[in-house]
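Notes follow the structure.
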Amino acid sequence: MANFDQVLVVLYLSEGEVNKVKLGSTAQIDLLDERKLEGKVSFVSKIVESKTGSYRVEVKIINDEIMFLQGPTANVKLLLGKKFACKIPSLALGLNDEGILGVKIVDDNNYVVFTPIKIIDRKSDGV
1 MANFDQVLVV
11 LYLSEGEVNK
21 VKLGSTAQID
31 LLDERKLEGK
41 VSFVSKIVES
51 KTGSYRVEVK
61 IINDEIMFLQ
71 GPTANVKLLL
81 GKKFACKIPS
91 LALGLNDEGI
101 LGVKIVDDNN
111 YVVFTPIKII
121 DRKSDGV
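Using my numbering, the first residue of the sequence shown is number 1, and each one after it goes up by one.
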């Protein structure tokens, strides 16, 4: 084990994903041992990796107290901007006749209507 003042997290993104990433964007790193760290995007490649078809992105974490093993696996969430969202219980979800995921709500005329939704995150207590 070693103690690093700066830790570099390397990830690879698809073309659609990498176009949303900006230098200096905040990244949340969740290690498998349940530690959560925060870093900043320090590099975004403009050249595709020929073997994978993906783009290299680097995130720097500055932390002088956390000990790291070289090469651990982590989940990285890039914060790409704010979105309006609402957390609902998974049991509130349903499918319409076409198989589209959504919820039923009461509209301004007091009618129950089906509204399609997009899930942006999942947690044990809701989506």
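Glycine residues also receive a C-beta, built at the ideal position from the N, C-alpha and C atoms.
Other residues of its chain near residue i: CB distance less than 7 Å, five sequence neighbours each side excluded
i      : result
Ala85  : Ile120
Ile105 : Val113 and Thr115
Under 8 Å between C-beta atoms of residue i and residue j
i      : j      : result
Gln28  : Leu79  : yes
Gly102 : Ile117 : yes
Leu8   : Ser54  : no
Val48  : Val57  : no
Pro72  : Gly126 : no
Leu32  : Ala92  : no
Residues near residue i by beta carbon distance below 6 Å, same chain, minus five either side
i      : result
Leu142 : Coverage of the chain is limited to positions 1 through 127, which leaves residue 142 absent and any answer about it impossible.
Leu23  : Val41
Thr26  : Leu79
Val59  : Val9, Ala27, Gly39 and Val41
Leu11  : Val57 and Val76
DSSP bridge partner residues for residue i (one or two, in chain order)
i      : result
Gly94  : Gly102
Ala27  : Gly39 and Leu78
Glu15  : None, per the DSSP bridge assignment.
Leu8   : Lys60
Gly126 : Lys123
Pro116 : Gly102
Closest Cα partner of residue i within the set the options
i     : options                         : result
Glu98 : Thr115, Tyr111 and Val44        : Thr115
Gly39 : Ile100, Asp108, Lys83 and Lys77 : Lys77
Ser50 : Glu15, Lys87, Asn110 and Asn96  : Glu15
Lys20 : Glu34, Lys82 and Asn96          : Lys82
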